[in-house]
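Presented below is the structure to which this report refers.
Numbering (this note's numbering), first residue to last: 5 to 510.
Below, the structure is given as structure tokens:
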């Protein structure tokens with residue numbers, strides 16, 4: 005991200021989590037990086053509660069309209085679900101009567117269960133422990149939630165009508181939505197009376213099947229196969245559900261026709277675009293199948309690679325004639341799961357985004373850094389296979405965060421490039437004790453290559469950077485979605501991420 009704000013005073017210096025010199029981010033930038041990389045789970049250097057508390061303080065430091073637009077940005081462009089709800093509630097605590105809250109609620113709630121999720125977080129954030137945890141609800145929040153009830157049909161409500169701490173009917177009683185017509189009033193009555201029709205989903209269908217008794221294992225296997233084929237041909241399995249169940253579909257030994265339909269759907273360019281999947285979801289599916297002992301795995305892996313190529317083809321902000329260095333941080337701090345239930349690491353996200361970009365490059369040096377920097381040449385066609393190759397070899401460079409060695413290598417080889425792109429948690433340091441750091445070496449490199457630019461793709465959002473980003477040649481971009489490359493495009497046009505966020509209409 006470019007933050008060429010021409011400040012009269014230089015950025016305030018600090019030290020990062022490794023004790024290395026770093027720079028404090030301005031409140032807008034820090035809030036952006038903190039929420040764009042927030043899975044609300046413990047990270048290597050920061051616990052969940054500490055991240056939430058930092059976000060709360062940053063919300064107070066920023067203008068309400070910016071926080072609201074940032075919440076919309078993370079929901080609609082970064083495809084995050086929980087953090088927009090957090091921003092909405094925290095904004096409500098400060099600006100209780102502000103009409104911007106009403107507009108915001110209706111924008112960030114895009115699934116029926118997000119109504120109850122928002123209320124659950126509201127109770128937690130306001131430390132409501134009494135029996136009526138949600139009494140005295142913010143009027144603007146109540147109005148926004150009432151409007152949100154008008155966005156969903158019976159299938160959507162039924163799909164997410166779970167026996168949780170805050171139920172849909174609790175929310176209905178609380179916010180009193182006004183039905184648009186008689187049919188919608190009947191729908192609201194069904195929610196109150198627990199009479200919603202059971203939705204046709206893979207979960208409900210397999211749950212019913214699981215309650216049936218079969219005389220033999222073979223009969224059960226045939227029934228499971230028939231059910232998966234029915235689900236596949238029903239055209240009611242969404243993209244995410246299909247992606248999550250590729251292993252189950254293969255193990256059910258569905259027909260060749262059914263598997264072809266699945267693969268064609270996964271690899272369809274329009275389906276990929278409409279699915280709004282974070283890139284690492286494809287990697288998770290790929291790894292789930294990679295070691296499966298099934299003769300048809302290769303067919304599905306090819307479909308996944310094709311799907312990812314559609315994602316890469318739509319990346320913004322890259323000029324094919326540009327000379328690029330792409331460096332992935334594989335240090336110990338990057339090898340932390342993004343959430344308690346996920347096998348995906350920050351390390352995986354960095355590799356995935358790096359290989360997506362590498363696919364678009366015609367003149368590119370790719371590699372990874374830990375204790376040392378190592379160039380690893382891979383073809384640019386198979387993105388997921390390339391990620392796996394890097395993953396397999398990560399131990400070859402060690403586990404420190406010596407990102408300075410990427411720039412040192414360019415200096416020693418007198419290699420002039422246009423862009424250096426580091427995918428990292430930004431906690432760079434020098435474990436070799438030589439006194440060299442990336443800020444000093446970048447200053448030297450600029451004498452050799454005056455037009456070069458350095459991009460830090462922040463994957464952790466800890467609130468500081470190893471270089472001062474309030475300048476013309478160092479940029480900070482945060483997030484886990486391929487949409488971060490829209491920021492790259494904005495930079496090329498003289499903009500930045502903050503400008504993208506501020507241009508969002510409420």
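Built from N, CA and C at the ideal position, the CB exists for glycine as well.
Residue from the options whose Cα sits closest to the Cα of residue i
{"i": "residue 200", "options": "191, 206, 342", "result": "191"}
{"i": "residue 308", "options": "398, 452, 271", "result": "271"}
{"i": "residue 291", "options": "304, 158, 281, 279", "result": "304"}
{"i": "residue 244", "options": "288, 258, 229", "result": "288"}
{"i": "residue 286", "options": "217, 86, 392", "result": "392"}
{"i": "residue 334", "options": "363, 427, 247, 257", "result": "427"}
{"i": "residue 310", "options": "283, 325, 326", "result": "283"}
{"i": "residue 424", "options": "249, 86, 433, 371", "result": "371"}
{"i": "residue 237", "options": "487, 253, 361", "result": "253"}
{"i": "residue 430", "options": "256, 337, 189, 358", "result": "337"}
{"i": "residue 276", "options": "256, 317, 259", "result": "317"}
{"i": "residue 448", "options": "411, 170, 364, 64", "result": "411"}
{"i": "residue 206", "options": "143, 235, 146", "result": "235"}
{"i": "residue 353", "options": "30, 208, 41", "result": "41"}
{"i": "residue 306", "options": "263, 339, 279", "result": "263"}
{"i": "residue 39", "options": "483, 508, 495", "result": "483"}
{"i": "residue 31", "options": "60, 99, 130", "result": "60"}
{"i": "residue 96", "options": "53, 83, 158, 148", "result": "148"}
{"i": "residue 350", "options": "359, 357, 358, 339", "result": "339"}
{"i": "residue 499", "options": "279, 476, 109", "result": "476"}
{"i": "residue 563", "options": "113, 220, 369", "result": "Residue numbering for the chain in the displayed model covers 5 to 510; residue 563 lies beyond these limits and cannot be assessed."}
{"i": "residue 273", "options": "315, 249, 301, 256", "result": "315"}
{"i": "residue 107", "options": "69, 129, 128", "result": "69"}
{"i": "residue 461", "options": "357, 91, 415, 414", "result": "357"}
Limits of the beta strand (DSSP E) - the one that residue i falls within
{"i": "residue 461", "result": "457 to 462"}
{"i": "residue 479", "result": "478 to 482"}
{"i": "residue 467", "result": "It is not in any beta strand (DSSP E) - residue 467 carries neither H nor E in the DSSP assignment."}
{"i": "residue 427", "result": "423 to 428"}
{"i": "residue 372", "result": "367 to 373"}
{"i": "residue 230", "result": "Taken as a continuous stretch (DSSP letters only), residue 230 belongs to no beta strand (DSSP E), being part of the alpha helix (DSSP H) at 221 to 238."}
{"i": "residue 333", "result": "327 to 333"}
{"i": "residue 377", "result": "377 to 379"}
{"i": "residue 17", "result": "17 to 19"}
Residue i: first and last residue of the uninterrupted alpha helix (DSSP H) it sits in
{"i": "residue 25", "result": "Per DSSP, residue 25 belongs to no alpha helix (DSSP H); it is in the beta strand (DSSP E), 25 to 28."}
{"i": "residue 1", "result": "Missing from the structure shown is residue 1; the chain here goes from 5 to 510 and no further."}
{"i": "residue 244", "result": "243 to 248"}
{"i": "residue 433", "result": "Residue 433 -> no alpha helix (DSSP H), and no H or E assigned at all."}
{"i": "residue 160", "result": "158 to 163"}
{"i": "residue 115", "result": "No alpha helix (DSSP H) contains residue 115, which DSSP labels as neither H nor E."}
{"i": "residue 88", "result": "86 to 98"}
{"i": "residue 177", "result": "172 to 179"}
{"i": "residue 80", "result": "68 to 80"}
{"i": "residue 53", "result": "52 to 65"}
{"i": "residue 218", "result": "No alpha helix (DSSP H) contains residue 218, which DSSP labels as neither H nor E."}
Cβ-based neighbour list, residue i, same chain, cut-off 8 Å, excluding 5 preceding and 5 following
{"i": "residue 383", "result": "390"}
{"i": "residue 173", "result": "195, 196, 198"}
{"i": "residue 409", "result": "373, 376, 377"}
{"i": "residue 348", "result": "284, 287, 288, 341, 342"}
{"i": "residue 176", "result": "153, 192, 195, 196"}
{"i": "residue 380", "result": "370, 371, 372, 393, 394, 397"}
{"i": "residue 188", "result": "154"}
{"i": "residue 62", "result": "31, 34, 35, 38"}
{"i": "residue 20", "result": "26, 430, 431, 432, 433, 466, 468, 470"}
Same chain, Cβ closer than 7 Å to residue i, neighbours up to 5 away in sequence not counted
{"i": "residue 355", "result": "332, 391, 394, 395"}
{"i": "residue 233", "result": "258, 259, 262"}
{"i": "residue 183", "result": "189, 192"}
8 Å contact criterion, which residue i and residue j should meet: CB distance rounded
{"i": "residue 227", "j": "residue 247", "result": "Actually they are not in contact, since the Cβ atoms of residue 227 and residue 247 sit about 24 Å apart, beyond 8 Å."}
{"i": "residue 441", "j": "residue 25", "result": "7 Å"}
{"i": "residue 463", "j": "residue 478", "result": "Incorrect: roughly 17 Å between the Cβ atoms, too far for contact."}
{"i": "residue 361", "j": "residue 319", "result": "7 Å"}
{"i": "residue 144", "j": "residue 103", "result": "6 Å"}
{"i": "residue 93", "j": "residue 99", "result": "At roughly 11 Å, the Cβ-Cβ gap does not stay under 8 Å, so residue 93 and residue 99 are not in contact."}
{"i": "residue 178", "j": "residue 125", "result": "Incorrect: roughly 14 Å between the Cβ atoms, too far for contact."}
Cut-off 6 Å between Cβ atoms - residues of its own chain near residue i, not counting five sequence neighbours on either side
{"i": "residue 422", "result": "326, 327"}
{"i": "residue 13", "result": "Low confidence applies to residue 13: its pLDDT is 43, below 50, so where it sits in the model is not reliable, and the reading given next is rough at best. Contacts found: none."}
{"i": "residue 81", "result": "487"}
{"i": "residue 505", "result": "73, 74, 77"}
{"i": "residue 502", "result": "32"}
{"i": "residue 6", "result": "For residue 6, the pLDDT reaches just 32, beneath the cut-off of 50, and the residue's location in the model is therefore unreliable, although a value from the coordinates is still provided. Counting only Cβ-Cβ distances below 6 Å, and skipping sequence neighbours, we find 479, 495, 500."}
{"i": "residue 157", "result": "none"}
{"i": "residue 359", "result": "387, 390, 391"}
Cβ of residue i within 8 Å of any chain B Cβ
{"i": "residue 393", "result": "Note that chain B does not occur in the displayed structure, where there is just one protein chain."}
Contact test: residue i Cβ vs the ligand ATP heavy atom, cutoff 7 Å
{"i": "residue 310", "result": "Summarising the ligand content, the structure contains no ligands, and the ligand ATP is consequently not present."}
### Message
Check whether the segment 466 to 475 and the segment 289 to 297 touch, using three or more Cβ-Cβ pairs below 8 Å as the test.
### Response
Contact fails: fewer than three Cβ-Cβ distances are below 8 Å.
### Message
Whether or not the segment 366 to 376 and the segment 400 to 408 are in contact is what I'm after, with contact meaning three or more pairs of Cβ atoms, one per stretch, closer than 8 Å; do they touch?
### Response
Contact between the segment 400 to 408 and the segment 366 to 376 is present: 3 or more CB-CB pairs across the two stretches fall below 8 Å.
### Task
Inspect the CB distances between the segment 154 to 166 and the segment 102 to 119 and report whether three or more fall short of 8 Å.
Counting Cβ pairs under 8 Å, three or more are found: they touch.
### Message
If contact is defined by three or more beta carbon pairs under 8 Å, each pair taking one atom from either stretch, is the segment 29 to 40 in contact with the segment 441 to 452?
### Response
Cβ pair count under 8 Å is below three, so no.
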